[in-house]
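Following UniProt numbering, the numbering of the sequence shown begins with 1 at its first residue and continues without gaps. For glycine and all other residues, C-beta sits at the position ideal for the given N, C-alpha and C. In this text the structure is predicted, and so the values were computed from the model without any measurement.
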Amino acid sequence: MNSPTGHQRFENRFRCSSVFPEESGPFSFGASLPLFFQKSLVLSPLLLLFLHSVMATASVAFKSREDHRKQIELEEARKAGLAPAEVDEDGKEINPHIPQYMSSAPWYLNAERPSLKHQRKWKSDPNYTKSWYDRGAKIYHPDKYRKGACENCGAMTHSAKSCMERPRKKGAKWTNFHIAPDEKIEMFELDYDGKRDRWNGFDAATYACVIERYEARDEARRKYLKEQQLKKLEEKNNKQNGEGEVSDDDEDNDALKVDEAKVDESKQMDFAKVEKRVRTTGGGSTGTVRNLRIREDTAKYLLNLDVNSAYYDPKTRSMREDPLPDADPNEKFYGGDNQYRVSGQALEFKKLNIHAWEAFEKGQDIHMQAAPSQAELLYKNFKVIKDKLKSRMKDTIMEKYGNAATKEVLPKELLLGQSEKQVEYDRAGRVVKGMETSLPKSKYEEDVYINNHTSVWGSWWKDHQWGYKCCKQTIRNSYCTGAAGIEVAEEAAGLMKANVARKAASEEMPAPTEEKGLATWGTDVPDDLVLDQKKLDDALKKEDKRRKEEKDERKRKYNVKWDDEVTPEEMEAYRMKKIHNDDPMKDFLHCQLGLPFFWIL
1 MNSPTGHQRF ENRFRCSSVF PEESGPFSFG ASLPLFFQKS LVLSPLLLLF LHSVMATASV
61 AFKSREDHRK QIELEEARKA GLAPAEVDED GKEINPHIPQ YMSSAPWYLN AERPSLKHQR
121 KWKSDPNYTK SWYDRGAKIY HPDKYRKGAC ENCGAMTHSA KSCMERPRKK GAKWTNFHIA
181 PDEKIEMFEL DYDGKRDRWN GFDAATYACV IERYEARDEA RRKYLKEQQL KKLEEKNNKQ
241 NGEGEVSDDD EDNDALKVDE AKVDESKQMD FAKVEKRVRT TGGGSTGTVR NLRIREDTAK
301 YLLNLDVNSA YYDPKTRSMR EDPLPDADPN EKFYGGDNQY RVSGQALEFK KLNIHAWEAF
361 EKGQDIHMQA APSQAELLYK NFKVIKDKLK SRMKDTIMEK YGNAATKEVL PKELLLGQSE
421 KQVEYDRAGR VVKGMETSLP KSKYEEDVYI NNHTSVWGSW WKDHQWGYKC CKQTIRNSYC
481 TGAAGIEVAE EAAGLMKANV ARKAASEEMP APTEEKGLAT WGTDVPDDLV LDQKKLDDAL
541 KKEDKRRKEE KDERKRKYNV KWDDEVTPEE MEAYRMKKIH NDDPMKDFLH CQLGLPFFWI
601 L
């Protein structure tokens with residue numbers, strides 16, 4: 001018999017499913033199923049899954065628009081508390097505020113009634129153990145080597161590679177002596193916290209020896225102090241020789257007395273008993289037996305029950321305004337949260353922020369949020385430097401002008417008293433005799449001669465400068481030179497005047513040179529000028545030669561050799577050979593010389 005194919009197995013399993021009963025209906029299997037779907041069941045298993053989901057969706061009753069609206073109104077009424085909450089199959093109420101995507105069960109669970117079982121934890125936790133490894137325990141100690149055991153020690157619980165015993169020269173496999181017992185191997189299933197518990201497996205009984213050691217130390221200490229106290233008391237009773245000695249003994253006894261403020265450790269153990277506090281709502285607050293006093297302040301929102309008073313924000317638990325603005329500030333303990341912004345360290349923090357902003361604007365690398373420690377250190381240094389500058393400026397002003405507040409004030413008897421001094425007045429009320437006007441005091445020190453001067457600074461004036469009359473010096477810290485210094489200064493001034501006069505005379509000397517130059521260049525010719533005929537002929541020849549060289553500029557040499565100084569003969573030759581365009585006799589001159597007409601032009 002042939003085995004069924006994959007499609008047949010899937011179809012048979014699908015037909016046997018309880019999701020699709022064999023009742024008659026639009027989606028029942030059998031003859032009532034359309035022919036198209038009957039043929040497709042064998043051809044496409046994916047279509048079966050589609051029908052599975054469609055039929056599961058169709059199992060939910062169809063709701064009209066009116067039913068859907070009523071369902072929405074019912075849900076809103078349940079959320080508002082006007083309608084009773086929905087009950088699940090176990091009789092428990094379902095919170096109406098749970099979203100629909102959480103309260104509605106998936107389609108594959110076939111939930112007929114509303115329930116929250118699909119949201120509960122369906123997988124139970126494994127049975128985690130609280131025990132720990134039994135360290136050092138042995139289960140079996142054989143007397144001969146067994147096959148498969150450790151070749152080094154002979155235990156069956158580990159191999160030779162993982163053996164923790166010292167490697168033997170000859171293992172137990174070959175010697176068959178000193179076979180090690182098998183270790184006890186335990187496997188525990190621990191939860192998340194158990195795997196990460198530092199004290200898992202710790203035996204608290206091992207700490208009892210530590211407690212006993214500390215208790216023995218405290219007992220020996222109390223016994224020693226008691227013996228010392230009794231010894232001092234015996235010495236005090238035996239020796240009563242003087243008050244001084246008794247006072248010394250009293251000081252020693254005070255040092256040995258046990259401080260009554262310190263409670264004994266045995267009594268402090270009762271302090272750990274915690275009981276519910278008396279007269280508290282629900283007994284939620286707890287306290288100790290020693291302290292039954294309630295130290296609760298009135299809540300800030302109960303200080304003023306007026307609805308128009310300060311607003312209390314329940315989310316942030318803040319009340320910024322003062323709930324009792326008309327109350328006496330000396331009697332109230334709370335003035336609103338805004339009082340903390342202008343008191344305490346809030347002001348200092350605000351100044352620190354302002355300093356950081358101003359320093360950053362002036363180009364300093366400072367940022368309050370990026371480097372708060374650096375900003376605070378710079379602000380502290382700034383305050384120290386500022387205080388130093390203020391104190392220095394104050395000392396300078398005090399030193400210069402004095403402090404009238406620190407001067408001794410005359411008593412009222414002298415201020416409002418009478419004197420026997422006689423003062424005469426005229427008819428206009430002016431003082432005639434008896435009260436001479438006092439000269440105003442100068443800011444400079446009077447009658448103080450420094451640097452060997454015999455007169456004070458400012459006793460001499462010259463050229464808008466103050467000086468000393470004794471030596472006529474205008475430098476404040478100069479040393480006095482007396483009459484000799486005055487003579488030397490006058491000689492220096494005379495020498496300077498002579499130098500100035502000599503310089504002025506030297507500036508007037510170049511006038512003849514200028515006249516000679518003017519005469520040379522023909523602006524002004526003196527009458528007594530005599531020219532050498534031979535030199536004049538040579539100058540004329542040289543001028544003719546120069547004029548011939550200038551005709552062809554391409555053949556003109558770059559370096560022209562001539563004398564820098566022009567002689568009178570050369571100047572005369574230049575005048576004789578020069579053609580003046582403004583001269584009315586120039587044409588006549590050239591015609592006599594036999595020159596062409598275009599040369600004249």
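- The region 358 to 373 makes no contact with the region 332 to 346; the number of CB pairs closer than 8 Å stays below 3.
- Per DSSP, reduced to three states, the secondary structure at Tyr108 is helical.
- Setting aside the 5 residues that flank it on each side, Glu572 is surrounded in the same chain by Leu531, Leu536, Ala539, each with a C-beta closer than 8 Å to its C-beta; the list follows chain order.
- Of the other Cβ atoms in all chains shown, fewer than 16 fall within 10 Å of the Cβ of Trp199; this residue is therefore exposed.
- Bounds of the beta strand (DSSP E) holding Val432 are 431 to 433.
- If you draw a straight line from the Cα of Thr298 to the Cα of Phe349, it comes to about 30 Å.
- An exposed status is given to Pro314, since fewer than 16 other beta-carbon atoms sit within 10 Å of its beta-carbon.
- Short of 6 Å from the beta carbon of Lys173, and not among the five residues preceding or following it, lie these beta carbons of its own chain, in chain order: Tyr145, Glu151.
- By the Cβ test, the region 89 to 97 is in contact with the region 107 to 122, since at least three Cβ pairs between them sit closer than 8 Å.
- Under the three-state reduction of DSSP output, Ser103 falls in the helix class.
- In the DSSP assignment, Ile354 falls outside any beta strand (DSSP E) and lies within the alpha helix (DSSP H) extending over 345 to 361.
- With 16 or more neighbouring CB atoms inside 10 Å of its own CB, Met319 falls in the buried class.
- As the crow flies, the alpha-carbon of Ala80 is around 9 Å from that of Pro96.
- By the C-beta criterion, the region 447 to 461 is judged to be in contact with the region 474 to 492, since at least 3 inter-stretch pairs fall below 8 Å.
- In the structure shown, the three-state DSSP call for Ile139 is strand.
- Excluding residues up to 5 positions away in sequence, Tyr312, Met319, Pro323, Tyr334 lie with their Cβ nearer than 8 Å to the Cβ of Lys300 in the same chain.
- Short of 6 Å from the beta carbon of Phe188, and not among the five residues preceding or following it, lie these beta carbons of its own chain, in chain order: Thr129.
- Only exposed fits Trp466, as fewer than 16 other CB atoms lie within 10 angstroms of its CB.
- If you draw a straight line from the Cα of Lys548 to the Cα of Glu565, it is about 22 Å long.
- Shown here for Glu183: same chain residues with a beta carbon closer than 8 Å to its own, the five before and five after excluded, namely Ala137, Lys138, Ile139, Ala155, Thr157, His158 in chain order.
- The shortest CA-to-CA distance from Lys534 to any of Arg502, Glu570, Val500, Leu352 is the one to Glu570.
- Between Leu352 and Ala327, the beta carbon gap of about 33 Å keeps them out of contact (Cβ cut-off 8 Å).
- Rounded to the nearest angstrom, the Cβ distance from Asn338 to Glu321 is 7 Å, consistent with a contact under 8 Å.
- Counting only unbroken stretches of 4 or more residues, the alpha helix (DSSP H) elements lying wholly within the region 439 to 513 are 482 to 508, in sequence order.
- Relative to the Cα of Asp203, the nearest Cα in the group Asp134, Lys421, Asp395 belongs to Asp134.
- Per the C-alpha coordinates, the member of Ser103, Trp107, Pro126 positioned closest to Ser115 is Ser103.
- Setting aside the 5 residues that flank it on each side, Arg168 is surrounded in the same chain by Asn152, each with a C-beta closer than 7 Å to its C-beta; the list follows chain order.
- Ranked by Cα distance from Glu445, the options Gly458, Gly434, Lys433 are led by Gly458.
- Bridge pairing for Glu219: absent [DSSP].
- With 16 or more other CB atoms across the displayed protein chains lying within 10 angstroms of its CB, Gln473 is buried.
- The DSSP-derived three-state label of Tyr425 is strand.
- According to the DSSP assignment, Thr175 belongs to the alpha helix (DSSP H) that extends over 172 to 175.
- DSSP lists no beta-bridge partner residue for Glu75.
- In this chain, the alpha helix (DSSP H) harbouring Asn381 covers 372 to 401.
- DSSP lists Glu93 as the bridge partner or partners of Val87.
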